[in-house]
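Numbered according to the working numbering, the sequence shown spans residues 56 to 312.
In what follows, a single structure is set out as structure tokens and then discussed.
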Amino acid sequence: MSLAINWIGLSTIIRREVSRLMRVPIQAFLAPWISALLFIFIFGYVVGGRISLIAGHRYMDFVLPGIVMLNVVNAAFLQASSQVYFARFMRYIEEALVSPLSYAEMILGVIAVVIIRSLATAIGILIIAALFGAARISGIGEFVFWILLVAVVFGLIGQIVGLWANNFEQLTILNIFFITPLSFVGGVFNTVSMLPAWLRWMAWGNPFFYFINGLRHSMIGFTEAPEGLGAAVTMTLACVLGVVVWRLYKVGYGLRE
């Protein structure tokens, strides 16, 4: 089996989807930036102005990593799920299936665009936060690591949902009932120690806690969990999801009717 990558086919997928993103800049970029601006202003500037410190940091500095991660998760999931779903709905995914592209290359093409959108979302939010004096990054390498790794995780989850969904309502179910609730209780606005003792186990069992905690450490140096544990949990999740998505493509789940 050849391990060579079909760079022409892969770049074609990426160019097509980036071109599609550029046709909907309000939905793809302005919407998350405006959402982040409101979060930063209300929770960071207004509410944070009445809170002295949390875990030894300004409240705005503390909540910003959670706001960035929340929007990166949404951007990655929405990009991947809509990209796969519309390829099925418009039936141009059949062109990819009969082209000299491997399933891994098809998956990688989706992930590449997910990463582009996620990075653009994160950078835009940091620029907005800088206007409020809150764009601190203590470890740029660690920051990029968490943005990329979480984008890959939700790029893979989005592909699973995109293959499964048969209508627009199903496309949003996971986001509404799982991603948004879990992200909000994953430590965006509070530390684990602020929770009642009988609820703290929920944070440790919530993968979003590790995502937000890792990004927070990269930005302000504060952490509530071992960095190695969070990275291991996230990388394991990415590997498992990668195998699952590849298997779904291989058996033709949602691709062949």
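Heads up, the beta-carbon is just placed ideally off N, CA and C, and yes, glycines get one too.
Whole-number beta carbon distance between residue j and residue i, since they are thought to touch under 8 angstroms
i: Val299; j: Val205; result: So it is not a contact: roughly 17 angstroms between Cβ atoms.
i: Tyr114; j: Ile106; result: 4 angstroms
i: Leu218; j: Gly309; result: 3 angstroms
i: Ile267; j: Pro120; result: 6 angstroms
i: Ile192; j: Phe198; result: 5 angstroms
i: Ala110; j: Gly213; result: That belief does not hold up - the Cβ atoms of Ala110 and Gly213 are roughly 32 angstroms apart, past 8 angstroms.
In DSSP terms, what residue i is bridged to
i: Ile109; result: His112
Contacts around residue i, its chain only, beta-carbon distance under 8 angstroms, and the 5 residues preceding and following it disregarded
i: Ile183; result: Trp88, Ala91, Leu92 and Ile95
i: Leu296; result: Val208, Leu211, Ile212 and Ile215
i: Ala189; result: Ile95, Gly99, Arg113, Met115, Asp116 and Leu119
i: Leu108; result: Tyr114
i: Arg71; result: none
CA-to-CA distance, residue j to residue i, given in whole angstroms
i: Val247; j: Phe264; result: 9 angstroms
i: Gly196; j: Ser273; result: 8 angstroms
i: Met313; j: Trp256; result: Not covered by the structure: residue 313. The range shown for the chain is 56 to 312.
i: Asn222; j: Glu279; result: 40 angstroms
i: Ile148; j: Ile60; result: 19 angstroms
i: Ala287; j: Pro281; result: 10 angstroms
i: Gly283; j: Thr289; result: 10 angstroms
i: Val123; j: Gly179; result: 10 angstroms
i: Ala142; j: Leu254; result: 42 angstroms
i: Ala185; j: Leu76; result: 25 angstroms
i: Gln138; j: Gly260; result: 30 angstroms
i: Gln225; j: Asn129; result: 16 angstroms
i: Arg347; j: Leu152; result: Residue coverage of the chain in this structure runs from 56 to 312, which leaves residue 347 outside it and unanswerable.
i: Ala258; j: Thr291; result: 18 angstroms
i: Ala83; j: Pro251; result: 38 angstroms
i: Phe277; j: Glu150; result: 48 angstroms
i: Asn245; j: Gly194; result: 22 angstroms
i: Thr227; j: Ile275; result: 33 angstroms
i: Arg78; j: Met249; result: 44 angstroms
i: Ile231; j: Ser154; result: 35 angstroms
i: Gly285; j: Thr235; result: 20 angstroms
i: Ile97; j: Phe233; result: 24 angstroms
i: Gly307; j: Ser66; result: 23 angstroms
Check whether residue i and residue j have beta carbons under 8 angstroms apart
i: Ala293; j: Val169; result: no
i: Gly64; j: Leu133; result: no
i: Val243; j: Val118; result: yes
i: Ala86; j: Tyr140; result: no
Residues near residue i in its chain [Cβ-Cβ closer than 6 angstroms; skip 5 each side]
i: Pro68; result: This sequence places Ile at residue 68; Pro is not what is there. For Ile68, where only same-chain residues beyond five positions count, the Cβ hits under 6 angstroms are Gly164.
i: Ala131; result: Val169, Ser173, Ala206, Phe209 and Gly210
i: Ile162; result: Val300
i: Gly103; result: Tyr114 and Met115
i: Tyr304; result: Tyr158
i: Leu270; result: Pro120, Met124 and Trp201
i: Leu181; result: Ala190
Spatial neighbours of residue i in its chain, beta-carbon cut-off 7 angstroms, leaving aside the 5 residues before and after
i: Ile202; result: Val127, Ser173, Leu174 and Ala177
i: Ala167; result: Ile69
i: Met56; result: Confidence at Met56 is low in this model, with a pLDDT of 43, below 50, so its placement is unreliable and the value that follows should be read with caution. Nothing meets the Cβ criterion.
i: Ile171; result: Val73
i: Phe187; result: Ile95, Gly99, Tyr100 and Met115
i: Ser238; result: Leu125, Val128 and Phe263
i: Glu160; result: Ile60, Asn61, Gly64 and Leu65
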